[in-house]
Amino acid sequence: MPRSASSPTSATPAATPASTRRRWSKFWWQDHERDPALRLCSLAAQGLWMRLLCLMHEAEPYGHLCVNGKPLHPRQIAQMVGVSPQQVRRYMAELQDAGVYATTAEGVPYSRRLVRDRAASDAGAARGRTGGNPQLKADTPLPGAGQGITPPSCAAVMLQEAEAETEAEAEHPLTKFGPDTDARTHLFKSGLDFLKKATGRPERSARAILGRWLKLTGDDAAVVLNVLAECARFNPAEPVAWIDATLRTQLQLRPAPEPTSPHALRMAAWEGVPDMEGV
């Protein structure tokens with residue numbers, strides 16, 4: 001008796017949906033955690049990138065930020081991840097400035113790592129069907145090993161090493177201000193640049209945060225600069241919350257200011273008089 005067209009055994013591998021063929025893939029946690037380009041971005045931008053990796057894993061062509069072959073608009077991405085389109089544009093610009101993703105000639109973002117891994121997987125499958133790769137040696141390192149999620153070019157690696165050596169020789173820019181530049185000017189220059197890069201916030205929002213910290217510390221820009229320098233060395237996941245908590249802790253450890261007004265002096269004198277009961 002002939003099988004019907006709806007019989008499960010009549011399906012071919014070519015008819016298998018992409019979502020079924022790609023239910024999982026290898027994910028190298030260490031590469032993701034140590035990727036220098038991704039670590040330059042804020043935690044929110046890193047979270048968006050993780051969601052986009054899930055979308056690009058299901059996309060055609062593979063590794064590209066599109067659905068059904070069409071690039072996704074920021075408004076569509078916002079609907080899929082549950083944030084505003086303005087946030088998507090800001091985080092995507094942050095990821096692009098850091099070099100986390102590349103774009104095609106048509107402007108479609110794609111993950112270089114996903115595309116590279118897919119090509120390696122297809123090549124391995126092709127070699128497996130022909131008995132394996134006879135030129136493969138046990139001591140030959142895999143291509144792209146140890147390059148992280150966003151492998152830099154050789155020129156970029158040399159530039160990063162030179163910049164790292166220069167920064168190691170120089171004093172930290174957040175704590176360097178001399179007679180020509182006071183602490184407040186330095187705070188709204190180097191400190192502002194650091195805060196924008198560390199949080200991904202626009203300049204207006206970063207200035208408002210610096211103003212709030214100055215108000216909290218009694219307009220002591222040097223204290224804010226020192227805490228910003230500690231934040232740069234510690235590299236916390238939430239820089240604003242970390243700096244907020246550190247400033248408040250330092251304020252609690254400060255000695256109480258000496259009274260200066262006549263009323264405060266009188267109140268301080270009364271506090272020094274011992275209580276005498278029964279007089």
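Heads up: the sequence shown begins at 1 in the UniProt record's numbering, then just goes up one per residue. Where a beta carbon is used, it is the ideal one built from N, C-alpha and C, also for glycine.
Check                                                                                                                            : Outcome
Option in 76, 183, 39 with minimal Cα separation from residue 226                                                                : 183
Same chain, Cβ closer than 7 Å to residue 269, neighbours up to 5 away in sequence not counted                                   : none
Contact belief for residue 206 with residue 216 at Cβ below 8 Å, rounded distance in angstroms                                   : With a Cβ gap of about 16 Å, residue 206 and residue 216 do not count as contacting.
Where the alpha helix (DSSP H) containing residue 54 begins and where it ends                                                    : 43 to 57
Chain-order list of residues whose beta-carbon lies under 7 Å from that of residue 46 (same chain, five-residue window excluded) : 38
Length of the line joining the Cα atoms of residue 64 and residue 222                                                            : 46 Å
Buried versus exposed, by CB contacts within 10 Å (16 or more), residue 50                                                       : exposed
Of the residues 119, 84, 35, the one placed nearest residue 99, counting alpha carbons only                                      : 35
Identity of the residues DSSP links to residue 62 by a beta bridge                                                               : BP columns for residue 62 are empty, so no partner.
Cα-Cα separation between residue 253 and residue 246, rounded to whole angstroms                                                 : 11 Å
Best match in 126, 95, 55, 86 for proximity to residue 80 [C-alpha to C-alpha]                                                   : 55
Beta-carbon gap between residue 228 and residue 209 smaller than 8 Å                                                             : no
Within 8 Å, strictly: CB atoms of residue 111 and residue 53                                                                     : yes
Sequence-distant residues of its chain with Cβ nearer than 6 Å to residue 43 (five each side left out)                           : 237
Buried versus exposed, by CB contacts within 10 Å (16 or more), residue 202                                                      : exposed
Simplified DSSP assignment, three categories, for residue 197                                                                    : helix
Proximity below 8 Å, CB of residue 77 to CB of residue 88                                                                        : yes
Cβ-based neighbour list, residue 48, same chain, cut-off 6 Å, excluding 5 preceding and 5 following                              : 91
Proximity of residue 62 and residue 118 at Cβ, strictly below 8 Å                                                                : yes
Under 8 Å between C-beta atoms of residue 191 and residue 224                                                                    : yes
Range of the contiguous alpha helix (DSSP H) that encloses residue 186                                                           : 183 to 186
Option in 75, 213, 185 with minimal Cα separation from residue 314                                                               : Residue 314 lies beyond the residue range present for the chain, which begins at 1 and ends at 279; the question has no answer from this structure.
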